[in-house]
Structure formats: structure tokens, C-alpha cells
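Remarks on the structure that follows.
Numbering (full-length UniProt numbering), first residue to last: 1 to 210.
Pasting the structure below:
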């Protein structure tokens, strides 16, 4: 059986970057783009968001502070959307979601809701829809910058981000963009997902085992 594009990306050789180098490298790649789509594929249902103030508040059980932080980010998000538009870019995120949603996903969804309300393009896709693509492994976490480069984001065994693998192979970059675009077409607007699956839930709690 032919490997999927996601299997090919996992197996591909690339340049391994630590977290700070990855962020600097991807910022430079974005600056080089003059049009097109930046794709993000988000699959895991938990990440350890070390150093994020809203995450720290969540772990501390301070939900009011979580929402205060998320709300305070609106103007910065709007500016990001304006800057992308001025550059001819659109950032599109496909969020794979499981049911029931994990505490992490419920926390993250509040942020994603605000991002969408401020102009970001995010859609949600049920994990059952990608099961045929996950016969060997869970889908990777990916960032794809136009036709230039893709990054497979890397995590340690606690799902703390530690950097990324940069892949320059044009066929893999194009294949990843095409595959994520296909998932995008099958997904639902994030606010529809939020209203259906998140808004009616109680305040989530996180534990170290989550």
C-alpha cells in the first residue's frame, strides 16, 4: 500500500530545529511570502503549553484569569489578520477534534473562538474523519508556508513543544498543502463546532494526568 503524504513527511529527512530556532526560521519564511495560504494542522488533544500565561492560569484553576487573558489578545489578533491580508496571506487552521472534548481542547477552544471572531480562519474536523489516515500513526502536527517549506512540529513525551523538523522537499510541501486543504473542505466552521460541542459545557479542569 502506498504511504500517505503524512507517512512520507514523518519518514522524510529534514533539518531538526530547537524551539527558538524554529520560531525564528518560520518567521523568516513567512516574511518571504507575498501571497497564498499558510496551513496549520492540529491533531493532538493535549499540549503542555509551558510558559503561556493563560495555560498557567488554567493549571492553577483560575478560569476567570484564563478568559481575561484570552480577551486581552483581541487587538493583537486583529492586527495579525490585517498584516497577513496586507501581505496577501491567509492563515488557515484545521483543528482535529475528538468527542468528548478533552479539558485541553475545551480550554483551547475558547482561544480559537476569539481568533475566529477577530478574523482568523479556523475549521474543526471530527477525528473519525481522519481515522483512515491514521492506520500507522496519529497525524503529525504541521505548518506549511505556501509552496516554500513545511515544518513538522516536535514534542517531548509530555507534549511540551521542543521545536520542529524543517522539510524543503517541494513535492512534500505541495502534497501537505493539498492534503490539509482537502481536510479543510470536509471540516465545519469553528464557531459552529464551538456552539455545538463546547459552549454548553461546564468550566473545564486540568490535572497532571490530562
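From the three backbone atoms N, C-alpha and C, an ideal C-beta is built for every residue, glycine too.
- DSSP, reduced to helix, strand and coil, places residue 66 within a helical segment of the structure shown.
- If you look at residue 148, you'll find it isn't in any alpha helix (DSSP H); DSSP assigns it neither H nor E.
- By the neighbour-count definition (other C-beta atoms within 10 Å, threshold 16), residue 60 is an exposed residue.
- Annotation for residue 100: no beta strand (DSSP E) segment contains it, and DSSP assigns it neither H nor E.
- Assignment of beta-bridge partners to residue 93 by DSSP yields 40, 122.
- Per DSSP, residue 156 lies in no beta strand (DSSP E) and is assigned neither H nor E.
- With respect to residue 167, residue 152 sits close: the two C-beta atoms are nearer than 9 Å.
- Judged by pairs of C-beta atoms under 8 Å, the segment 77-91 touches the segment 37-49, as three or more such pairs exist.
- When rounded, the separation of the alpha-carbon atoms in residue 120 and residue 194 is 15 Å.
- In the structure shown, residue 7 adopts helical secondary structure according to DSSP, grouped into three states.
- In this chain, the alpha helix (DSSP H) harbouring residue 173 covers 170-186.
- Here the segment 122-136 makes no contact with the segment 11-20; the two share fewer than three CB pairs at distances below 8 Å.
- With respect to the 9 Å criterion, residue 9 and residue 70 are not classified as neighbours on the basis of their beta carbons.
- Contact between residue 107 and residue 204 holds, with the beta-carbon distance rounding to 6 Å and staying under 8 Å.
- If you draw a 10 Å sphere on the C-beta of residue 95, you find 16 or more other C-beta atoms in it, and that means buried.
- The three-state reading of DSSP puts residue 17 in strand, counting E and B together.
- A distance of 9 Å or more separates the beta carbons of residue 58 and residue 50.
- For residue 12, the three-state secondary structure derived from DSSP is coil.
- Between residue 138 and residue 177, the C-beta gap is not smaller than 9 Å, which leaves the two residues out of contact.
- Annotation: residue 60 is outside any alpha helix (DSSP H) and is labelled neither H nor E by DSSP.
- Measuring C-alpha to C-alpha distances from residue 32 to each of 182, 149, 185 identifies 149 as the nearest.
- For residue 140, the number of other beta carbons within 10 angstroms of its own is at least 16, and it is reported as buried.
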